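Enquirer: I'd like to ask some things about the structure below.
In the numbering used here, the protein residues as written are 20 to 457.
What follows is the structure, encoded as structure tokens:
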């Protein structure tokens with residue numbers, strides 16, 4: 020990866036794109052440090068201090084801590100991510116959107132434009148919900164009268180504008196930078212929390228055991244575990260099942276076409292982080308709702324039933340981990356089923372005189388693709404489930420809490436890094452420059 024960036028830096032055009040992308044990231048990080056007016060920063064921080072198991076805690080990790088500080092980019096790219104997920108689901112359900120998705124670049128541009136408008140609406144809704152939550156937790160400077168109305172308009176407007184500005188910054192990286200703009204912004208937000216995670220790890224290692232010996236010696240051991248986990252994520256992200264395809268020869272005029280052999284790649288982790296996000300949203304919904312009402316496991320006098328529920332079904336328990344694991348498997352199958360159609364692939368092969376060796380065109384081919392896809396999907400689902408519950412297992416064994424660099428964020432970081440390297444490599448190959456794939 021470093022070889023790719025070094026080679027890209029030697030090309031003036033790519034060097035300008037890298038510097039432009041770095042400038043956009045700098046603007047993003049500056050926006051993450053600009054506080055929204057009328058917010059009490061300490062109150063916001065205290066409000067989110069107990070939200071690790073909720074959607075707000077996950078959003079705070081995705082925003083690089085901007086949500087917990089109440090800054091301009093507190094919403095980060097979460098509205099755009101939610102809008103993208105909704106549009107992916109609607110593309111399967113609405114025939115008009117499905118036709119647009121098959122119209123090439125023009126269709127994708129129209130869908131992207133619709134996605135931005137949906138993201139704007141979701142951003143406004145999230146900003147209003149966040150404002151009401153802040154108001155209920157006394158984190159807004161003015162909450163009544165004309166001053167309160169002005170504070171509401173300012174806070175909601177700043178948060179919505181910040182979310183829209185981030186989408187624009189991502190488009191600038193796509194147009195004038197190295198590409199993959201939204202993902203790079205998400206990557207930079209998560210990476211910005213690494214120093215805090217390292218500091219928290221060192222602070223927790225300062226706890227002495229019964230003999231008074233500090234546990235600093237365990238830090239290299241934990242780092243080796245994370246390095247091994249990164250290696251596993253890289254391996255599984257690149258792993259794929261290649262189904263061989265043979266195209267028949269055909270004569271058109273005086274030229275002969277076809278006759279070549281190729282393959283259909285099926286990635287093991289084809290769904291990426293989407294099943295984890297779906298499962299996390301469902302699993303954290305009860306804690307999030309009860310968090311808004313101020314109910315937690317330490318307040319039995321408010322609601323004995325819900326307090327007992329949170330104590331026995333929070334993110335640190337084995338019950339939560341088991342249910343979470345199987346929900347990820349279920350959502351992985353669901354997501355793959357709406358993204359991958361074996362019958363359509365078999366029909367396309369038949370139209371182009373292609374066939375899988377040993378299987379007749381039509382239903383036998385689609386059945387073979389379906390069976391292969393089911394096996395690969397199971398392996399990918401188990402991998403995603405393990406990655407998601409790894410922080411729970413790690414915390415219960417080591418008693419280290421509050422670490423945001425879990426399996427989900429690691430999966431995002433590795434995926435974005437590999438995709439960025441591929442884009443740089445493809446741009447270098449277009450310029451006939453030797454790179455990583457040499």
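Here a beta-carbon is modelled for each residue, glycine too, at the ideal position from N, C-alpha and C. On a predicted model such as this, the values are computed, not experimentally measured, just so you know.
Suppose the cutoff is 6 Å on Cβ atoms and the five residues either side in sequence are ignored; what does the same chain contact list for residue 116 look like?
Expert: Result list for residue 116: 109, 110, in chain order.
Enquirer: Determine the extent of the beta strand (DSSP E) in which residue 263 is found, giving its start and end residues.
Expert: Per DSSP, residue 263 belongs to the beta strand (DSSP E) from 259 to 266.
Enquirer: Using the beta-carbon count (16 or more within 10 Å), is residue 163 buried or exposed?
Expert: Counting Cβ neighbours within 10 Å, residue 163 comes out exposed, since fewer than 16 surround it.
Enquirer: If we ignore side chains and look at the alpha-carbon of each, how far apart do residue 153 and residue 448 end up?
Expert: So the two alpha carbons sit approximately 50 Å from each other.
Enquirer: Once the 5 residues before and after residue 39 are set aside, which same chain residues still bring their CB inside 7 Å of it?
Expert: If we look at residue 39 and ignore the five residues flanking it on each side, its Cβ neighbours are 195, 196.
Enquirer: Mind checking residue 281: buried by the 16 CB within 10 Å criterion, or exposed?
Expert: Classification for residue 281: exposed.
Enquirer: Determine contact between the region 39 to 50 and the region 141 to 152, defined as no fewer than three beta-carbon pairs at a distance below 8 Å.
Expert: With a cut-off of 8 Å, the region 141 to 152 and the region 39 to 50 do not count as touching, because too few Cβ pairs lie within range.
Enquirer: If residue 23 and residue 440 are in contact, beta carbons under 8 Å, what's the gap, nearest whole angstrom?
Expert: With 8 Å as the limit, residue 23 and residue 440 qualify as a contact, their Cβ atoms being about 5 Å apart.
Enquirer: Around the C-beta of residue 95, are 16 or more other C-beta atoms found within 10 angstroms, so that it is buried, or is it exposed?
Expert: The residue in question, residue 95, is buried, as its Cβ has 16 or more Cβ neighbours within 10 Å.
Enquirer: Look at the Cβ atom of residue 78, then the Cβ atom of residue 158, and state whether they are nearer than 8 Å.
Expert: No.
Enquirer: Assuming the contact rule is C-beta atoms closer than 8 Å, residue 375 and residue 263 should be a hit. Round their C-beta distance to whole Å, please.
Expert: The pair is a contact, with the Cβ atoms about 7 Å apart (cut-off 8 Å).
Enquirer: Per DSSP, residue 157 forms a beta bridge with which residues?
Expert: Residue 157 is not bridged to any residue.
Enquirer: Could you give the first and the last residue of the continuous beta strand (DSSP E) run that contains residue 281?
Expert: Run containing residue 281: 280 to 286, per the beta strand (DSSP E) assignment.
Enquirer: Residue 295 and residue 364 - do their beta-carbons sit closer together than 8 Å?
Expert: No, the Cβ-Cβ distance between residue 364 and residue 295 is not below 8 Å.
Enquirer: With the cut-off set at 8 Å, would you say residue 189 and residue 91 are in Cβ contact?
Expert: The answer is no: Cβ separation not under 8 Å.
Enquirer: Check whether the region 391 to 406 and the region 340 to 355 are in contact - that is, three or more C-beta pairs closer than 8 Å.
Expert: Touching, yes.
Enquirer: Can residue 206 and residue 432 be called in contact, C-beta distance under 8 Å?
Expert: The answer is yes: Cβ separation under 8 Å.
Enquirer: Looking at residue 133: is its Cβ nearer than 8 Å to the Cβ of residue 106?
Expert: Yes.
Enquirer: Please go through the same chain and pick out, in chain order, the residues whose beta-carbon is closer than 7 Å to the beta-carbon of residue 343, but skip the five residues on each side of it.
Expert: Taken in chain order, the residues that qualify are 298, 302, 407, 408.
Enquirer: Pick out whichever of 60, 59, 93 has its Cα sitting closest to the Cα of residue 75.
Expert: When each option's Cα is compared against that of residue 75, the closest is 93.
Enquirer: Is residue 373 helix, strand or coil by DSSP?
Expert: Residue 373: strand per DSSP, three-state reduction.
Enquirer: Would you mind stating whether residue 101 and residue 53 have Cβ atoms separated by less than 8 Å?
Expert: The answer is no: Cβ separation not under 8 Å.
Enquirer: How would you call residue 445, buried or exposed, if buried means at least 16 neighbouring beta carbons within 10 angstroms?
Expert: Residue 445 comes out exposed.
Enquirer: For my contact list, residue 169 and residue 146 are in at a C-beta cut-off of 8 Å; report their separation, rounded to the angstrom.
Expert: Between residue 146 and residue 169 the Cβ distance is about 15 Å, and since that is not below 8 Å, they are no contact.
Enquirer: What does the alpha-carbon distance come out to for the pair residue 89 and residue 161?
Expert: Using only the alpha carbons, I get a separation of about 15 Å.
Enquirer: So, using beta-carbon positions, are residue 81 and residue 60 closer together than 8 Å?
Expert: Their beta carbons are not under 8 Å apart, which means residue 81 does not touch residue 60 by this criterion.
Enquirer: Whole angstroms is fine: what's the gap from residue 165's alpha carbon to residue 156's?
Expert: When rounded, the distance between both Cα atoms is 20 Å.
Enquirer: Look at the Cβ atom of residue 83, then the Cβ atom of residue 208, and state whether they are nearer than 8 Å.
Expert: Yes. Within cutoff.
Enquirer: In the structure shown, what three-state DSSP assignment does residue 57 receive?
Expert: Coil at residue 57, not helix or strand.
Enquirer: Please name the residue in 416, 58, 388, 28 whose C-alpha comes closest to that of residue 261.
Expert: Out of 416, 58, 388, 28, 388 has the C-alpha closest to the C-alpha of residue 261.
Enquirer: Can you confirm whether residue 23, when its beta carbon is compared against all beta carbons of chain B, has any partner nearer than 8 Å?
Expert: The chain labelled as chain B is not found in the depicted structure, where only one protein chain is given.
Enquirer: Where does residue 90 sit, in a helix, a strand or coil, going by DSSP?
Expert: DSSP places residue 90 in strand when its eight states are reduced to three.
Enquirer: What is the rounded straight-line gap between the Cα of residue 58 and the Cα of residue 214?
Expert: Approximately 26 Å, taken between the alpha carbons.
Enquirer: How should residue 29 be labelled, buried or exposed, when 16 other C-beta atoms within 10 angstroms of its C-beta is the threshold for buried?
Expert: Result: exposed.
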